[in-house]
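Participant:
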Amino acid sequence: MTAIPDHLGQLTVDRHGDAPILRGPGDPSITLPPSEDALRRHTRLDDSGRYRPLSGARTLAAGWQVETGEALPLERAIEAVYPLALTHLRLHAEGELPLVTLDDVLSRQTGRYEHAARLSHSGRNRAIRLLCGQCVRIPVWDGRACTPGAIPCPEPCSVLVSLCREAALWENDPPSPASVVPHVAFAAFDEPGNELREAFLADMPPPPGRNTSSG
Amino acid sequence: MTASLVLAGHGSHLNQNSSDPVWSTAARIRSSSTFADVRVGFWKEEPSLSRVLDGCEAGDVTVVPFFISDGYFTRTVVPREMGLDGPLTVRGPLRIRYTPPVGAHPAIAGVIIERAREAGAGPGDAVAVLGHGTRRDSRSKKNVYHMASLVREQGPFARVEALFLDQDPNMLQLLEIFHEPTVVVVPLFVADGWHVGETIPDDLSLDGPETRRAGRTVRYTPPVGTHPTMTRVVLELAREAVT
Numbered sequence: 001m002t003a004i005p006d007h008l009g010q011l012t013v014d015r016h017g018d019a020p021i022l023r024g025p026g027d028p029s030i031t032l033p034p035s036e037d038a039l040r041r042h043t044r045l046d047d048s049g050r051y052r053p054l055s056g057a058r059t060l061a062a063g064w065q066v067e068t069g070e071a072l073p074l075e076r077a078i079e080a081v082y083p084l085a086l087t088h089l090r091l092h093a094e095g096e097l098p099l100v101t102l103d104d105v106l107s108r109q110t111g112r113y114e115h116a117a118r119l120s121h122s123g124r125n126r127a128i129r130l131l132c133g134q135c136v137r138i139p140v141w142d143g144r145a146c147t148p149g150a151i152p153c154p155e156p157c158s159v160l161v162s163l164c165r166e167a168a169l170w171e172n173d174p175p176s177p178a179s180v181v182p183h184v185a186f187a188a189f190d191e192p193g194n195e196l197r198e199a200f201l202a203d204m205p206p207p208p209g210r211n212t213s214s215g
Numbered sequence: 216m217t218a219s220l221v222l223a224g225h226g227s228h229l230n231q232n233s234s235d236p237v238w239s240t241a242a243r244i245r246s247s248s249t250f251a252d253v254r255v256g257f258w259k260e261e262p263s264l265s266r267v268l269d270g271c272e273a274g275d276v277t278v279v280p281f282f283i284s285d286g287y288f289t290r291t292v293v294p295r296e297m298g299l300d301g302p303l304t305v306r307g308p309l310r311i312r313y314t315p316p317v318g319a320h321p322a323i324a325g326v327i328i329e330r331a332r333e334a335g336a337g338p339g340d341a342v343a344v345l346g347h348g349t350r351r352d353s354r355s356k357k358n359v360y361h362m363a364s365l366v367r368e369q370g371p372f373a374r375v376e377a378l379f380l381d382q383d384p385n386m387l388q389l390l391e392i393f394h395e396p397t398v399v400v401v402p403l404f405v406a407d408g409w410h411v412g413e414t415i416p417d418d419l420s421l422d423g424p425e426t427r428r429a430g431r432t433v434r435y436t437p438p439v440g441t442h443p444t445m446t447r448v449v450l451e452l453a454r455e456a457v458t
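Chains as they are written, first to last, in the numbering used here: chain A, 1 to 215; chain B, 216 to 458.
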């Protein structure tokens, strides 16, 4: 059993009292009931009420705490916020965490996501940099080193696959960029104004033959 | 050796309610202590289907797909992501059983009838069993037709028909297909998510649970997947898988 670190992603474990208290970022102003469901529901949304499909995104709601114990063991509380994080920490520490690369994940896709495998090598790296750069999990599947206490990520997630699918379409037929619209859903990559979409498009090289000079 | 249960669901990148029925069913089963270990895995949420068995070291695992139809997701996506070979996969010390989806269980017909009755449906009323359907997979519609047939046999209603969101007979023809004064629409969906909560009410111009239009009444019920009976359905599928 790997010891649970005092800091994990954006979580802090306060062990000064009788029972460990799990806290989100910032000073706690509310205490959540000791319920896995309540904690999951609370941390599923960011501070602006936007859904967080990527559990590791550095947008964890601020200002909450929950007392762990018999009703909500610390392990279950962390599992509600960062699913499988403790399992992956333990397996990684034991050298037993199986890794799967983005190339392998994209090549096994079918149906709507089959097109994701057409994303170029540079596009894949751009997607990894933009999405994984927002996540507390370390993509050890991409060869990144996992520092002690950091959460290893063993396999590209479905959000990254979805971004790669859209990005492959953009490479084929680049859409016009738009201003970022903060309330657009985090993973609505097909919607103009999506933060990651606009960042990706802004970072794409111009198509061959397109005159980019302004003068 | 432990016995583990995995509920395999779809989840969503865009709607935070989509996975609720899977989480709540898992919580009810966990509190019953029927299984030593109860997990959930999703196609589009975390934990992912491909990693949900991480840390599961030995024993019997039963995977129950929390899907309505026995189609693309249950036959292609879930087995591929979880590395399943069929009804039984032996992977080292793990024996992984894979059951049919919850939506194909005969008890679902009873849930549809219950949903219709909760909405006040009686012998003179019509019931529309509303499924997703897709032109891309002909298997998707089969279970919707099958459930409509069971409801027709088991329920007291004047008329029962299958309708679809994404294929014919389309839900937009609701008031042309049915001529009864009251039509109760029961979504054969897992969650009160994007379709049940947004696209269906919008496309049918529903005012809420009850809509009056041209002297007729359309009642719209919660989806079958949020009904507490789903817990019993999951446990029956898991039991049937080992017998």
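All residues carry an ideal CB built from backbone N, CA and C; glycine is no exception.
As the structure is a computational prediction, the values presented were derived from the model and not from experiment.
(1) Of all the residues that make up the segment 261 to 272 of chain B, which are near chain A by a beta-carbon distance shorter than 7 angstroms?
(2) Is Thr-59/A closer than 8 angstroms to Asp-46/A when the C-beta atoms are compared?
(3) Assign Ile-78/A to one of three DSSP states: helix, strand, or coil.
(4) Looking at the unbroken alpha helix (DSSP H) that takes in Pro-416/B, where does it start and where does it end?
(5) Taking 8 angstroms as the threshold, find out whether the segment 339 to 354 of chain B comes into contact with the segment 377 to 391 of chain B through three or more Cβ pairs.
(6) Does the beta carbon of Ser-162/A sit closer than 8 angstroms to a beta carbon anywhere in chain B?
(7) Per DSSP, which one or two residues make a beta bridge with Gln-65/A?
(8) When you compare the CB of Ser-176/A with every CB in chain B, is at least one pair closer than 8 angstroms?
(9) Using beta-carbon positions only, say whether Arg-427/B and Pro-396/B come within less than 8 angstroms of one another.
(10) Residue range of the alpha helix (DSSP H) that Cys-164/A falls in?
(11) May I have the straight-line CA-CA distance separating Val-312/B from Ala-322/B, to the nearest angstrom?
(12) Could you tell me whether any Cβ in chain B is nearer than 8 angstroms to the Cβ of His-121/A?
(13) Would you call Leu-303/B buried or exposed, if buried means 16 or more other Cβ atoms sit within 10 Å of its Cβ?
(14) Put Arg-266/B into one of helix, strand or coil per three-state DSSP.
(15) Provide the residue(s) that pair with Asn-385/B in DSSP beta bridges, ordered along the chain.
(16) Give the residues of chain A in contact with Trp-176/B, contact being defined as C-beta atoms less than 8 angstroms apart.
(17) Specify the secondary structure class of Ala-223/B as computed by DSSP and reduced to three states.
(18) Between His-183/A and chain B, is any beta-carbon pair separated by less than 8 angstroms?
(19) For a cutoff of 8 angstroms on Cβ pairs, would you count His-361/B as touching chain A?
(20) Are Thr-240/B and Thr-446/B close, meaning C-beta to C-beta below 8 angstroms?
(21) So if I threshold CB-CB distances at 8 angstroms, which residues from the segment 78 to 92 of chain A count as touching chain B?
(22) By how many angstroms is the C-alpha of Ala-145/A removed from the C-alpha of Pro-236/B?
(23) DSSP state of Asp-235/B, grouped into three classes?
(24) Comparing C-alpha positions only, which one of Gly-370/B, Val-326/B and Pro-308/B sits nearest to Pro-438/B?
(25) For a cutoff of 8 angstroms on Cβ pairs, would you count Ser-343/B as touching chain A?
(26) Please return the same chain residues whose Cβ sits closer than 6 angstroms to the Cβ of Glu-425/B, not counting the five positions on each side in sequence.
(27) Does chain B have any CB closer than 8 angstroms to the CB of Ala-38/A?
(28) Compare the C-beta of Gln-382/B against all C-beta atoms of chain A and say whether one is closer than 8 angstroms.
(29) According to the neighbour-count rule (16 or more other Cβ atoms, all chains shown, within 10 Å of its Cβ), is Ser-107/A buried or exposed?
(30) Fully enclosed by the segment 98 to 161 of chain A, which alpha helix (DSSP H) runs are 4 residues long or longer?
(31) Compare the Cα-Cα distances from Asn-230/B to each of His-7/A, Arg-15/A, Tyr-51/A and Ala-19/A and report the closest residue.
(32) Spatial neighbours of Pro-207/A within its chain, please: CB distance less than 7 angstroms, with the 5 preceding and 5 following residues excluded, ordered by chain position.
(33) Can you tell me the Cα-Cα spacing of Gly-301/B and Glu-455/B, whole angstroms?
(34) Does the beta carbon of Arg-44/A come closer than 8 angstroms to any beta carbon on chain B?
(35) Does the beta carbon of Gly-215/A come closer than 8 angstroms to any beta carbon on chain B?
(36) Can you pull the DSSP bridge partners for Tyr-472/B?
Facilitator: In terms of the structure at hand:
(1) Glu-261, Pro-262, Ser-263, Ser-265, Arg-266, Asp-269 and Gly-270
(2) Locating residue 46/A in the first sequence gives position 46, where the first residue counts as 1. Locating residue 59/A in the first sequence gives position 59, where the first residue counts as 1. Yes, Cβ-Cβ distance for Asp-46/A and Thr-59/A is below 8 angstroms.
(3) Here residue 78/A corresponds to residue number 78 of the first sequence, with the count starting at 1. Helix, per DSSP.
(4) The residue you call residue 416/B lines up with position 201 of the second sequence. Note, Pro-416/B: alpha helix (DSSP H), 415 to 418.
(5) yes
(6) The residue labelled residue 162/A in the question sits at position 162 within the first sequence. It does; some Cβ of chain B falls within 8 angstroms.
(7) Position 65 of the first sequence, counted from the first residue, corresponds to residue 65/A. Partner(s): Arg-23/A and Thr-31/A.
(8) By 1-based counting over the first sequence, the position of residue 176/A is 176. Answer no: the Cβ-Cβ gap between Ser-176/A and chain B never drops below 8 angstroms.
(9) Counting from 1 along the second sequence, the entry for residue 427/B is found at position 212. Counting from 1 along the second sequence, the entry for residue 396/B is found at position 181. Not closer than 8 angstroms, so no.
(10) Looking up residue 164/A in the first sequence gives position 164. Its alpha helix (DSSP H) spans residues 158 to 172.
(11) Residue mapping note: residue 312/B aligns to position 97 of the second sequence, counting from 1. Residue mapping note: residue 322/B aligns to position 107 of the second sequence, counting from 1. According to the sequence provided, residue 312/B is Arg. The question's Val does not apply to it. Looking at the two C-alpha atoms, the distance is approximately 21 angstroms.
(12) Here residue 121/A refers to the residue found at position 121 of the first sequence. His-121/A does not count as touching chain B.
(13) Residue numbering aside, residue 303/B sits at position 88 when the second sequence is read from its first letter. By the 10 Å Cβ count, Leu-303/B comes out exposed.
(14) Translated into the one-based positions of the second sequence, residue 266/B becomes position 51. It is coil, neither helix nor strand.
(15) In the second sequence, residue 385/B corresponds to position 170, counting from 1. In DSSP, Asn-385/B forms a bridge with Phe-379/B.
(16) Residue 176/B is absent from the model: chain B starts at 216 and stops at 458.
(17) Here residue 223/B is taken as the residue at index 8 of the second sequence, counted from 1. The answer is strand: DSSP assigns Ala-223/B an E or B state.
(18) What you label residue 183/A is simply residue 183 of the first sequence in a count that begins at 1. No, no contact with chain B.
(19) The count along the second sequence starts at 1 and reaches residue 361/B at position 146. Not an interface residue.
(20) Looking up residue 240/B in the second sequence gives position 25. Looking up residue 446/B in the second sequence gives position 231. Result yes, Cβ atoms of Thr-240/B and Thr-446/B sit closer than 8 angstroms.
(21) Pro-83, Leu-84, Thr-87, His-88, Arg-90 and Leu-91
(22) Indexing the second sequence from 1 puts residue 236/B at position 21. Indexing the first sequence from 1 puts residue 145/A at position 145. Computed Cα separation, rounded: 37 angstroms.
(23) Taking the first residue of the second sequence as position 1, residue 235/B is located at position 20. Of the three classes helix, strand and coil, the one that applies to Asp-235/B here is helix, per DSSP.
(24) Reading the second sequence from its first residue, position 223 is the one you call residue 438/B. Ranking the options by Cα distance to Pro-438/B, first place goes to Val-326/B.
(25) Reading the second sequence from its first residue, position 128 is the one you call residue 343/B. According to the sequence shown, residue 343/B is Ala rather than Ser. No - not a single Cβ of chain A is within 8 angstroms of the one on Ala-343/B.
(26) Residue mapping note: residue 425/B aligns to position 210 of the second sequence, counting from 1. The answer, listed in chain order, is Arg-434.
(27) As a first step, residue 38/A is located in the first sequence; it is residue number 38 there, counting from the start. For Ala-38/A, the answer is no, since every Cβ of chain B falls outside 8 angstroms of its Cβ.
(28) The residue you call residue 382/B lines up with position 167 of the second sequence. For Gln-382/B, the answer is no, since every Cβ of chain A falls outside 8 angstroms of its Cβ.
(29) Counted from its first residue, the first sequence places residue 107/A at position 107. Classification of Ser-107/A: exposed, given that the 10 Å Cβ count is below 16.
(30) 102 to 107 and 121 to 127
(31) Stepping through the second sequence from its first residue, residue 230/B is reached at position 15. Nearest of His-7/A, Arg-15/A, Tyr-51/A and Ala-19/A to Asn-230/B, Cα basis: Tyr-51/A.
(32) Translated into the one-based positions of the first sequence, residue 207/A becomes position 207. Correct list, in chain order: Pro-174.
(33) Indexing the second sequence from 1 puts residue 301/B at position 86. Indexing the second sequence from 1 puts residue 455/B at position 240. Whole-angstrom Cα-Cα distance: 15 angstroms.
(34) The residue given as residue 44/A occupies position 44 in the first sequence. Chain B contact via Cβ: present.
(35) Taking the first residue of the first sequence as 1, we reach residue 215/A at position 215. Confidence in Gly-215/A is poor, its pLDDT being 34 and thus under 50, which makes the residue's placement too unreliable to answer from.
(36) Given that chain B is displayed from residue 216 to residue 458, the structure contains no residue 472/B and the question cannot be resolved.
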